[in-house]
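Asks:
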Amino acid sequence: EKADSEKPIELSADRGSLDQKKGVTVWEGNVVVVQGTLNLKAQRVTVTRDAQGNQQLQAQGSPVTFRQKVDGSNEYVEGSASNVHYNTAANLATLTGNARVKRGQDSVSGAVIVYNTATETYQASGGTAASGNSGRVTVILQPKAQGTP
Amino acid sequence: MNRAARLFPLGLMLGMALLAFWLNVLTMQRDDAPAKLDLSRPEYTINRLTAKRFDAQGRPQQYLQAAQMWQLPRNPNVYLSKPRIEVFLQGIPDYTVTAAAGRYHKQQKTADFSDNVRWERKATTAAPAILLQTSVLHVDTVARSASNRAPLVADYGTSRLKSTGFIYQQDSGQLNLLSNVRITYAP
Numbered sequence: 507e508k509a510d511s512e513k514p515i516e517l518s519a520d521r522g523s524l525d526q527k528k529g530v531t532v533w534e535g536n537v538v539v540v541q542g543t544l545n546l547k548a549q550r551v552t553v554t555r556d557a558q559g560n561q562q563l564q565a566q567g568s569p570v571t572f573r574q575k576v577d578g579s580n581e582y583v584e585g586s587a588s589n590v591h592y593n594t595a596a597n598l599a600t601l602t603g604n605a606r607v608k609r610g611q612d613s614v615s616g617a618v619i620v621y622n623t624a625t626e627t628y629q630a631s632g633g634t635a636a637s638g639n640s641g642r643v644t645v646i647l648q649p650k651a652q653g654t655p
Numbered sequence: 051m052n053r054a055a056r057l058f059p060l061g062l063m064l065g066m067a068l069l070a071f072w073l074n075v076l077t078m079q080r081d082d083a084p085a086k087l088d089l090s091r092p093e094y095t096i097n098r099l100t101a102k103r104f105d106a107q108g109r110p111q112q113y114l115q116a117a118q119m120w121q122l123p124r125n126p127n128v129y130l131s132k133p134r135i136e137v138f139l140q141g142i143p144d145y146t147v148t149a150a151a152g153r154y155h156k157q158q159k160t161a162d163f164s165d166n167v168r169w170e171r172k173a174t175t176a177a178p179a180i181l182l183q184t185s186v187l188h189v190d191t192v193a194r195s196a197s198n199r200a201p202l203v204a205d206y207g208t209s210r211l212k213s214t215g216f217i218y219q220q221d222s223g224q225l226n227l228l229s230n231v232r233i234t235y236a237p
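For the protein sequence lines, the chains are A and B, in the order given.
Heads up, my numbering is the position in the first sequence plus 506, with the first residue counted as 1.
Heads up, my numbering is the position in the second sequence plus 50, with the first residue counted as 1.
#1: Determine whether the Cβ of Asn-240/B lies closer than 9 angstroms to any Cβ atom of chain A.
#2: Check the C-beta distance from Gln-562/A over to Gln-549/A and give it rounded, since I have them as a contact under 8 angstroms.
#3: By alpha-carbon positions, which one of Ala-177/B, Thr-184/B, Ile-217/B, Trp-120/B ends up nearest to Val-147/B?
#4: Whose Cβ in chain B lies nearer than 7 angstroms to the Cβ of Ala-519/A?
#5: Any idea what DSSP makes of Ala-101/B, helix, strand or coil?
#6: Beta-carbon of Leu-227/B versus every beta-carbon of chain A: anything under 9 angstroms?
#7: For the beta strand (DSSP E) holding Leu-89/B, just list the boundary residues, first then last.
#8: Can you list the residues of chain A that Gly-223/B reaches, using a CB-CB cut of under 9 angstroms?
#9: Taking contact to mean 3 or more Cβ pairs, one atom from each stretch, closer than 8 angstroms, check whether the segment 540-555 of chain A and the segment 565-584 of chain A are in contact.
#10: Of all Cβ atoms in chain A, is any one closer than 9 angstroms to the Cβ of Tyr-94/B?
#11: State yes or no: is the beta carbon of Thr-234/B nearer than 9 angstroms to at least one beta carbon in chain A?
#12: Comparing the C-beta of Ser-209/B with each C-beta of chain A, is any distance below 9 angstroms?
#13: Quick one: any contact between the segment 522-534 of chain A and the segment 596-605 of chain A, if contact means 3 or more CB pairs under 8 angstroms?
#14: With DSSP run on the structure shown, which of helix, strand or coil describes Asp-525/A?
#15: Looking at chain B, is there any beta carbon in it that lies within less than 9 angstroms of the beta carbon of Ile-619/A?
#16: Under 9 angstroms, Cβ to Cβ, is there at least one residue of chain B near Glu-516/A?
#17: Comparing the C-beta of Ser-90/B with each C-beta of chain A, is any distance below 9 angstroms?
#18: Tell me where the beta strand (DSSP E) around Asp-612/A begins and ends.
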């Protein structure tokens, strides 16, 4: 949820390394990142920072999992993929490799899912022949019970 | 999360290189101590040591203080109790390194600090205070590296980094946190 970005970030890992000159930080082994309701788990997280101070986060895992509460709701968005790339400036999380996002009872899976953490919307694609993932996208939308908006 | 660089006192090495200078100068004495000296007792002791160094403009550059400094006959180590190194930047206090005990190995040019080792930089208008606390610290002034294998806590304002063991190489700018890494970045 939106308030998460104002919360402290708690990160734990087995090891960490910082390359001061390149501005690259790598966290490895049981990496857990918590910020408010956002909880991400991975085996390796690489954080780079561009000249403007925007951070790019690249998480790898088997799989990477994340979970975050939906703004103004009790629902959670849950996602998993082999790789998650998060661009803080664009608020975009790109999930690749067995990507799956579930929200409440609805879920979508495909080769690539791009999830906008600001608008809480996502876009899925089955992948391309070049990526060797020219699979299909699967979307499961549960019918709403009678009388619920 | 790339703020680990600010969380960790990477300027640690400057003070250490100056320390090597100090202790080489202060201990420049003949190494062939008379044979009859008791090798287990200090050949000399210096109490309430205060040594100051100034820059080209005459401004303070570094202070080395110690409750006591001593050396054993025919032993390359210089021992310090309650060492305190204060490093200035253009005459303004920048940071201090303190410990209960220190030992400097003249030949290897390495320093070991133990018991309540603190690297501290006061808050300025530009940056919050930094405080690194650990129980031991090994500094190699030739390889320009600092390391330990003990738990450490580094506070940067309200953010905090914990790790067990680190290795910092100044020339490559590489910091490795060896295990049990916990970080809290306050927004």
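The C-beta atom is built at its ideal place from N, Cα and C for all residues, glycine as well.
Replies: Per the coordinate set shown:
#1: In the structure as shown, chain B begins at 51 and stops at 237. Residue 240/B is therefore absent and cannot be evaluated.
#2: Looking up residue 562/A in the first sequence gives position 56. Looking up residue 549/A in the first sequence gives position 43. Contact flag wrong, Cβ pair sits at about 18 angstroms.
#3: In the second sequence, the residue the question calls residue 147/B occupies position 97. Nearest option by C-alpha distance: Thr-184/B.
#4: Looking up residue 519/A in the first sequence gives position 13. Here the neighbours are Val-231.
#5: Position 51 of the second sequence, counting from 1, holds the residue named residue 101/B. Note: Ala-101/B maps to strand in three-state DSSP.
#6: The residue given as residue 227/B occupies position 177 in the second sequence. Output row for Leu-227/B: interface = yes.
#7: Reading the second sequence from its first residue, position 39 is the one you call residue 89/B. DSSP places Leu-89/B in no beta strand (DSSP E); its state is neither H nor E.
#8: As a position in the second sequence, residue 223/B is number 173, starting the count at 1. The answer, in chain order, is Leu-524, Asp-525, Gln-526, Lys-527, Lys-528.
#9: They touch, by the three-pair rule.
#10: By 1-based counting over the second sequence, the position of residue 94/B is 44. Output row for Tyr-94/B: interface = no.
#11: The residue labelled residue 234/B in the question sits at position 184 within the second sequence. It does: the Cβ of Thr-234/B has a partner Cβ on chain A nearer than 9 angstroms.
#12: Here residue 209/B refers to the residue found at position 159 of the second sequence. It does: the Cβ of Ser-209/B has a partner Cβ on chain A nearer than 9 angstroms.
#13: no
#14: Translated into the one-based positions of the first sequence, residue 525/A becomes position 19. Note: Asp-525/A maps to strand in three-state DSSP.
#15: Counting from one through the first sequence, the residue named residue 619/A turns up at place 113. At a cut-off of 9 angstroms, the C-beta of Ile-619/A has no neighbouring C-beta in chain B.
#16: Translated into positions along the first sequence, residue 516/A becomes position 10. So, interface residue.
#17: Counting from 1 along the second sequence, the entry for residue 90/B is found at position 40. Not one chain A Cβ lies under 9 angstroms of Ser-90/B.
#18: Your numbering for residue 612/A matches position 106 in the first sequence. Its beta strand (DSSP E) spans residues 612-622.
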